[in-house]
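Numbering (my numbering), first residue to last: 143 to 598. Everything below concerns the one structure shown next.
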Amino acid sequence: MNQADLHYKKMTQTPVEHLIVSLAIPTVISMLITSIYNLADTYFVGTLGVSASGAVGVVFALMTMLQALGFMLGHGSGSVISRLLAQRDVETASRYISTSFFLALGVGAAVALLGVPLSAPLMRLLGSTDTILPYAREYGLFILASAPMLIGSLVLNNVLRYEGKALYGMIGLTLGGVLNIIADPIFIYGFGMGVDGAGLATALSQTVSFVVLLFLFRRHAQSRISIRCFARDAHTIFDILTTGFPNLFRQGLMSVSSGILNHSAGLFGDACVSAIAITSRCLGFMVSIAIGVCQGFQPVAGFNYQAKKYARLRRAFRFTLLATLVVLAAMGCAGILFAPALVCQFQSDPEVLRIGGPALRYACLGLAFISLNLAPSMLLQTCGVKGPALLTASLRGGLCLIPLALILPRLFGLIGVQLAQPLSDAIASLLTVPFVLRFFRDIPREDMRVAADEAA
């Protein structure tokens with residue numbers, strides 16, 4: 143039995159709970175490591191002052207923009223590749239990964255070339271105040287310079303995950319994350335580089351992750367990367383872009399909403415910008431576990447949907463939804479209890495603590511709702527339901543958050559800034575439910591007898 147047949151048997155016959163957990167564990171670890179080194183940046187830069195701490199929030203909006211491009215190309219090709227491998231079509235899968243990989247390098251290079259000379263106006267656009275701008279620009283220059291590596295790493299990691307090789311993606315991201323955590327204090331304090339040191343450490347970690355992921359991909363993936371496989375036809379590129387567009391739209395809107403939230407927070411001073419940046423990073427750490435579980439679910443969903451194993455798809459979705467709900471509810475309870483102590487770990491300024499403690503508590507109140515948006519939107523995208531996938535993926539971080547971030551602070555002042563994210567989470571989740579119900583209502587149920595036999 144060849145590799146393609148073994149993979150088909152694994153994805154369609156292994157109990158879905160075991161399969162999702164096995165794929166989710168390395169992905170969750172990858173997400174946690176990424177979140178931890180983001181928190182490390184927040185912690186170490188925060189020791190340089192309130193304005194420097196605020197710069198982390200501004201540059202986070204920039205990184206979200208770059209991630210939007212990487213996720214679009216990675217999910218756009220990976221979603222198609224998972225379905226192609228279900229058909230044992232490795233040749234076409236290689237065309238998709240090669241095209242998305244070289245597009246990622248080209249787009250990243252273009253971002254670096256345009257972004258570095260325009261860094262000052264870009265940081266202002268993302269919400270930097272006059273006092274935060276010098277720090278944000280120093281930090282952001284390194285992020286812009288490493289854009290090809292960041293976008294390319296996201297493509298490689300996502301396609302490895304869609305191929306069921308999430309372990310290798312974890313290794314690449316973990317090595318880069320650990321390096322960033324080690325390098326931060328060395329560059330910031332040991333070499334006296336300040337904020338420049340944090341930026342250099344992040345850029346170096348992205349480069350290491352890229353090199354390791356490329357090596358592991360060439361050794362372990364079914365599909366192959368080659369410039370000769372780069373698509374000459376518009377159809378392949380269009381398919382990658384349209385399939386991955388929900389990710390671009392969602393992450394792009396998140397970047398816009400983050401910038402708007404920074405501007406709104408800036409009305410109340412640098413301490414408010416810093417507090418919202420810390421809250422966002424803590425919230426991102428909590429949500430990363432649920433995202434990892436959902437990403438373990440995605441290759442299972444795509445493969446079984448294409449193989450017409452609809453009962454397995456339903457069962458996998460129910461398991462994923464319940465698992466993410468339990469995880470997020472537990473993290474939310476912990477966050478509510480320890481919010482002031484968590485904020486204090488990153489910034490001891492009394493004004494930051496006064497704003498950040500309640501902001502994190504409010505954010506944690508909305509955590510459990512996120513599962514009702516996260517798992518359904520990933521399901522719809524993986525199964526190629528492009529319109530609903532685009533809409534549901536864009537609700538939480540964009541379509542709901544942007545108007546709330548604009549309106550609430552002007553109506554209710556500081557508490558409006560603090561409540562914008564949790565209200566967005568709740569509204570987005572309620573709006574998502576009808577789409578996933580319709581999806582399962584419309585797909586066939588003819589294999590329910592097979593599922594019953596398997597359960598027996």
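Yeah, the Cβ is synthetic: ideal placement off N, Cα and C, and Gly gets one too.
| Asked | Found |
| --- | --- |
| What does a CB cutoff of less than 6 angstroms around Ala142 pick up in its chain, not counting 5 residues either side in sequence? | Nothing can be reported for residue 142: it is not among the residues displayed for the chain, which extend from 143 to 598. |
| Can you check whether the CB of Gly539 is closer than 8 angstroms to the CB of Arg392? | yes |
| Please tell me whether Phe372 and Thr241 are closer than 8 angstroms, where the distance is taken between their beta carbons. | yes |
| Which term fits Arg587, buried or exposed, when burial requires 16 or more other beta carbons within 10 angstroms of its beta carbon? | exposed |
| In terms of alpha-carbon separation, which member of Thr378, Asp381, Gly311, Gly318 lies closest to Arg361? | Gly311 |
| In or out: Val575 buried (at least 16 other Cβ within 10 Å) or exposed? | exposed |
| Which same chain residues, not among the five before or five after Arg503, have their C-beta less than 6 angstroms away from its C-beta? | Ile478, Ala481 |
| Determine the contact status of Tyr179 and Asn300, defining contact as a CB-CB distance below 8 angstroms. | no |
| What does a CB cutoff of less than 7 angstroms around Asp412 pick up in its chain, not counting 5 residues either side in sequence? | Val192, Ser193, Gly196, Thr271, Thr273, Ile274 |
| By alpha-carbon positions, which one of Val249, Gln209, Arg266 ends up nearest to His405? | Arg266 |
| According to the Cβ coordinates, are Ser288 and Gln348 closer than 8 angstroms? | yes |
| According to DSSP, simplified to helix, strand and coil, what is Asp595? | Interpretation of Asp595 is limited by its pLDDT of 46, a score under 50 that renders its predicted location unreliable; no figure is taken from the coordinates. |
| Hey, quick one: how far does the alpha helix (DSSP H) through Glu233 stretch, first residue to last? | 232 to 257 |
| Beta-carbon within less than 6 angstroms of Gly294's beta-carbon, same chain only, minus the 5 sequence neighbours each way: which residues are those? | Ala246, Leu247, Phe352 |
| If you draw a straight line from the C-alpha of Leu358 to the C-alpha of Phe581, how long is it? | 36 angstroms |
| What is the rounded straight-line gap between the Cα of Ile328 and the Cα of Ile544? | 38 angstroms |
| According to DSSP, is Ile328 helix, strand or coil? | helix |
| Give the straight-line distance between the Cα atoms of Tyr452 and His149, rounded to the nearest whole angstrom. | 18 angstroms |
| Put Lys151 into one of helix, strand or coil per three-state DSSP. | helix |
| For Met335, which of helix, strand or coil comes out of DSSP? | coil |
| So what's Lys307 in DSSP terms, helix, strand or just coil? | coil |
| Output the distance between the C-alpha atoms of Arg496 and Ala251, rounded to the nearest integer angstrom. | 41 angstroms |
| Rounding to the nearest angstrom, what Cα-Cα distance links Asp147 and Cys486 in this structure? | 53 angstroms |
| What residue ranges within the region 412 to 462 form continuous alpha helix (DSSP H) runs of no fewer than 4 residues, ordered along the chain? | 412 to 448 |
| What is the rounded straight-line gap between the Cα of Met205 and the Cα of Ile379? | 24 angstroms |
| Do you know whose CA, among Ala432, Thr184, Glu280, lies nearest Val258's CA? | Glu280 |
| Kindly list the residues whose CB is nearer than 6 angstroms to the CB of Ser368, restricted to its own chain and excluding five residues on each side of it in sequence; keep chain order. | Ser240 |
| Between Leu135 and Leu298, which are expected to be in contact by the criterion C-beta below 8 angstroms, what is the C-beta distance as a whole number of angstroms? | Because residue 135 is not part of the residues shown, which for the chain are 143 to 598, the question remains open. |
| Helix or strand or just coil, what does DSSP make of Ala289? | helix |
| By a C-beta neighbour count over all protein chains shown, 10 Å radius and 16 as the cutoff for buried, is His377 buried or exposed? | exposed |
| Between Ala254, Lys152, Ile557, which lies nearest to Met291 when the distance is taken from Cα to Cα? | Ala254 |
| Just reading off the alpha helix (DSSP H) that Leu260 is part of, what are its end residues? | Careful: Leu260 lies outside any alpha helix (DSSP H) and carries neither H nor E. |
| Is it the case that the CB of Leu174 approaches a heavy atom of the ligand FAD more closely than 7 angstroms? | As for the ligand FAD, it is missing from this structure, which has no ligand bound. |
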